[in-house]
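> Taking the working numbering, I'd label the letters of the sequence shown as residues 113 to 660.
The beta carbon of each residue, even a glycine, is placed where N, CA and C say it ideally should be.
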Amino acid sequence: MSLSITRKTDTVTMRLNMEKIKSMKLNFKKLFYFLQVSFTILNVAFSYAQNKAGTTSNIRPNILLIYADDLGYGDLSCYGATKIKTPNIDKVASQGLRFTNAHATSATCTPSRYSMMTGEYAWRKKGTGIAPGNASLLIDTAKLTLPAIFKNAKYNTAIVGKWHLGLGTGDGPQWNSEIRPGPLELGFNSSFIIPATVDRVPCVYVEGHRVLNLDPKDPIAVSYNEPLGDWPTGVKNPELLKMKPSHGHNQTIVNGISRIGYMTGGKSALWTDEDIADVIVKRSINFLEENKNNPFFLFVSTHDIHVPRAPHANFAGKSGLGTRGDVILQFDWTVGEILKSLDRLGLANNTMVIISSDNGPVVNDGYQDGSVENLNGHAPAGVLRGGKYSAFDGGTRVPLIIRWPKVVSKGLSDAAVSQVDFLASFAVLTGQQYNAKDAPDSKNMLNVFLGKSKKDRDQIIEQSLNNTLSIIEGTWKYIEPGKGPAKSAETGIELGNNTQPQLYDLNKDKGEKNNLAKKYPEKVKAFAAKLGAIKSEAGIQQQEIKLQ
Ligand code: NG6
Ligand code: CA
């Protein structure tokens with residue numbers, strides 16, 4: 113008797129040598145037993161094949177990750193916004209899977225991106241808060257990264273857009289020479305980036321290791337401490353501003369907008385804010401065209417909808433919700449243009465498109481751009497409480513849409529998922545193995561991202577601006593007590609700071625209105641102990657919890 117199992121593309125075939133079975137003079141009972149054992153083996157082999165690939169398909173899709181900046185849970189019409197229409201994103205959602213319980217790991221950009229890139233929660237590593245524009249690279253180049261997973265799987269990898277994870281060593285980026293290490297040392301084969309944020313100097317793109325279009329005779333100088341050079345600033349020359357700051361953002365003026373930090377030089381390299389979305393779209397489409405015949409991972413990291421909001425004339429004044437609404441339209445257009453190219457190049461079926469955001473929404477983030485006055489009843493965080501910077505879910509629960517035609521189930525998923533799991537999940541998808549210590553917080557949630565399972569991540573940890581940590585487990589969310597204002601005087605956002613512990617039942621109270629900590633002191637104790645253990649293991653001091 114011989115039994116051989118061969119795995120073809122999608123099928124497992126079994127060949128039985130019937131001659132030998134006959135010669136064994138099996139009685140019916142033996143034959144039944146034999147078949148039972150065979151099918152068990154077959155089953156195990158099949159589920160192994162499924163587990164190994166995470167799916168029965170062994171086609172390796174391209175990955176197109178479109179990551180918005182500060183886009184809130186309520187900012188898209190497919191997430192319930194009624195005052196603004198986002199047809200291109202809504203179309204992707206209707207063709208794919210829309211998550212209602214997806215999380216960035218942090219309520220600000222740098223730590224969320226750090227966690228997504230490394231599979232390690234940023235709060236484990238000091239110095240991963242909002243990075244100044246002259247920060248040195250925050251990710252150790254020896255570390256495993258999301259792009260490296262794809263690179264190791266022989267994908268071509270690229271980043272286009274916002275980086276904000278620092279560049280260079282020790283003294284920070286050397287703007288006038290080689291700027292390294294950076295994305296190219298972390299697994300991206302090509303890199304075209306906005307180094308930090310558009311509201312931070314220097315206002316230049318970096319392509320590969322160099323500032324794009326830099327004239328060596330006009331070197332760049334940057335300072336984040338004291339004024340430098342003779343370029344006008346928001347403080348001294350408010351008459352030169354086309355958009356006034358509301359808080360901060362009053363240093364060097366570039367393109368009529370005052371920024372955080374001082375700079376001079378690099379005139380030929382300065383970006384034009386109104387063209388940034390267009391530049392990102394063009395660069396992304398070029399990459400798609402050049403890579404239509406090989407697997408790729410393209411990380412499109414938009415400036416929209418972060419401040420300063422300076423939409424292109426095509427979108428200025430078009431939303432009826434002020435510039436914040438206009439740049440939402442611009443972001444939707446960005447998605448539409450890139451996806452049109454996927455269609456044109458015949459790549460749509462074999463590309464997993466992921467759309468998400470790095471943290472929750474903010475309306476006034478430092479410029480008087482009319483967004484507050486023109487909000488018109490739009491709720492950027494939807495039903496959630498808080499927003500960017502906050503320990504409430506408005507800070508970290510973000511839109512997540514995944515489309516991979518014929519593979520990702522269509523519809524809705526309420527499974528609790530986190531962006532920290534992209535690394536492990538895509539490692540499984542591309543058949544990569546790595547030492548779990550290299551991405552300690554990343555878990556394989558591939559079946560959930562593909563819509564094959566709706567199982568929650570067992571636990572989600574969220575980080576607010578001032579490093580307050582929260583744990584979500586099932587319906588319960590525990591926010592540790594912490595110092596700091598309940599509400600930001602500048603942005604008007606409820607930050608979730610409370611000297612008392614907070615406990616919310618998210619299934620019944622998505623808006624975190626009803627603090628149940630006093631009603632369930634045992635639960636609070638258990639969560640506090642759990643978080644205490646997690647923090648002490650990470651070398652972070654735990655505050656004493658007192659229920660008053
Ligand atoms: C804050 C900035 C804010 C924004 C944020 C980073 C001020 C007053 N506020 O410090 O405008 O740049 O940093 O945003 O300077 S993030 O999305 O990149 O995290
Ligand atoms: Ca952000």
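So, Phe409 versus Ala270, is the Cβ gap smaller than 9 Å?
Contact: yes.
> Keeping to the same chain, check which residues put their C-beta closer than 7 Å to that of Gly192; ignore five residues upstream and five downstream.
Excluding residues within five positions, the ones whose Cβ falls inside 7 Å are Gly186 and Gly494.
> On a CA-only basis, which of Lys394, Asn488, His424 and Gly604 is nearest Arg497? Give me that one, please.
Measuring from the Cα of Arg497, the nearest candidate turns out to be Gly604.
> In its own chain, which residues sit with a C-beta less than 8 Å from the C-beta of Leu279, not counting the 5 before and 5 after it?
For Leu279, where only same-chain residues beyond five positions count, the Cβ hits under 8 Å are Ala247, Ser248, Leu249, Pro285, Ile291, Arg292, Pro293, Gly294, Pro307 and Val318.
> At a cut-off of 8 Å, is Asn246 close to ligand 2 when judged by its beta-carbon and the heavy atoms of the ligand?
Asn246 Cβ: outside cutoff for every heavy atom of ligand 2.
> Just the Cα atoms here: how many angstroms apart are Lys263 and Gly543?
Each residue's Cα considered, the two are about 12 Å apart.
> Whole-angstrom Cβ separation of Val419 and Tyr179, contact assumed at under 8 Å?
Contact flag wrong, Cβ pair sits at about 17 Å.
> Between Leu296 and Ser302, what straight-line distance do the alpha-carbon atoms span, to the nearest angstrom?
Rounded to the nearest angstrom, the two C-alpha atoms are 6 Å apart.
> Just to check my reading of the structure: Asn202 and Ile417 have Cβ atoms closer than 8 Å, yes? What is that Cβ distance to the nearest angstrom?
Before going on, a small fix: residue 202 reads as Asp here, not Asn. That pair is no contact at about 16 Å.
> If you follow the alpha helix (DSSP H) that Met228 is in, where does it begin and where does it stop?
Here the alpha helix (DSSP H) through Met228 covers Cys221 to Thr230.
> Which two residues bound the contiguous alpha helix (DSSP H) that contains Phe639?
Its alpha helix (DSSP H) spans residues Pro633 to Glu649.
> Mind checking whether Ser530 and Thr253 have CB atoms under 9 Å apart?
No.
> State the DSSP-derived secondary structure class of Pro511, mapped to helix, strand or coil.
Pro511 falls in the strand class under three-state DSSP.
> Tell me whether Asp181 counts as near ligand 1, meaning its Cβ is closer than 8 Å to at least one heavy atom of that ligand.
Yes - ligand 1 has a heavy atom lying nearer than 8 Å to the Cβ of Asp181.
> Excluding the 5 residues flanking Phe399 on each side, which residues of the same chain have their C-beta closer than 8 Å to its C-beta?
Hits under 8 Å: Ala270, Val272, Ser302, Phe408 and Leu410.
> With hydrogens ignored, establish whether the beta-carbon of Lys356 is closer than 8 Å to any heavy atom of ligand 1.
Flag unset: Cβ of Lys356 not near ligand 1.
> Does the beta carbon of Lys500 fall short of 8 Å from some heavy atom of ligand 1?
The answer is yes for Lys500.
> Which residues share a DSSP beta bridge with Tyr179?
Tyr179 pairs with Ser413 and Ser468.
> Answer with buried or exposed for Ala645, where buried requires no fewer than 16 other C-beta atoms within 10 angstroms of its C-beta.
By the neighbour-count rule (16 or more Cβ atoms within 10 Å), Ala645 is not buried but exposed.
> Is the distance from the Cβ of Met355 to the Cβ of Ile372 below 9 Å?
Their beta carbons are not under 9 Å apart, which means Met355 does not touch Ile372 by this criterion.
> Can you give the Cα-Cα distance for Ser189 and Ala527, rounded to whole angstroms?
So the alpha carbons of these two residues sit roughly 21 Å apart.
> Can you check which of these residues, Lys430, His215, Gly432 and Leu209, is closest to Trp500 by C-alpha distance?
Here residue 500 is Lys; the residue named in the question, Trp, does not match the sequence. Checked all of Lys430, His215, Gly432 and Leu209; the closest Cα to Lys500 is His215.
> With a cut-off of 8 Å, do at least 3 Cβ pairs link the segment 459 to 478 to the segment 509 to 527?
Touching, yes.
> Could you pull out every residue in the same chain whose Cβ sits closer than 6 Å to the Cβ of Asp481, ignoring the five residues on either side in sequence?
Within the same chain, Asp481 has close Cβ partners Met355, Arg421 and Thr435.
> For Trp445, which of helix, strand or coil comes out of DSSP?
Trp445 falls in the helix class under three-state DSSP.
> Using a Cβ-Cβ cut-off of 6 Å (strictly less than) and excluding sequence neighbours within five positions of Pro552, which residues of its own chain qualify?
Correct list, in chain order: Glu232.
> Report back the beta-carbon spacing between Leu607 and Pro597 to the nearest angstrom; my notes put them in contact at under 8 Å.
Rounded, the Cβ-Cβ distance is 6 Å, consistent with contact.
> With 16 other CB atoms within 10 Å as the buried threshold, where does Lys630 fall?
The residue in question, Lys630, is exposed, as its Cβ has fewer than 16 Cβ neighbours within 10 Å.
> How far does the alpha helix (DSSP H) with Asp390 in it extend, from its first residue to its last?
Residues Ile388 to Glu402.
> Give me the Cα-Cα distance between Leu562 and Thr446, rounded to the nearest whole angstrom.
Whole-angstrom Cα-Cα distance: 24 Å.
> Measuring CB to CB, does Leu615 end up less than 9 Å from Leu628?
Result yes, Cβ atoms of Leu615 and Leu628 sit closer than 9 Å.
> State the Cα-Cα distance for the pair Glu634 and Arg509, rounded to the nearest angstrom.
If I take the Cα positions, the gap works out to 26 Å.
> Hey, Thr376 and Gly341 are a contact pair by Cβ (cut 8 Å); roughly how many whole angstroms apart?
At roughly 3 Å, the Cβ-Cβ gap stays under 8 Å, so Thr376 and Gly341 are in contact.
> Rounded to whole angstroms, what's the CA-CA distance from Lys658 to Ile584? Just pull it up for me.
Interpretation of Lys658 is limited by its pLDDT of 49, a score under 50 that renders its predicted location unreliable; the figure taken from the coordinates is listed afterwards. Each residue's Cα considered, the two are about 20 Å apart.
> Determine, for Thr269, whether the minimum Cβ-Cβ distance to residues of chain D falls below 9 Å.
Considering every chain present, this structure includes no chain D. It has just one protein chain.
> State the DSSP-derived secondary structure class of Trp235, mapped to helix, strand or coil.
DSSP places Trp235 in helix when its eight states are reduced to three.
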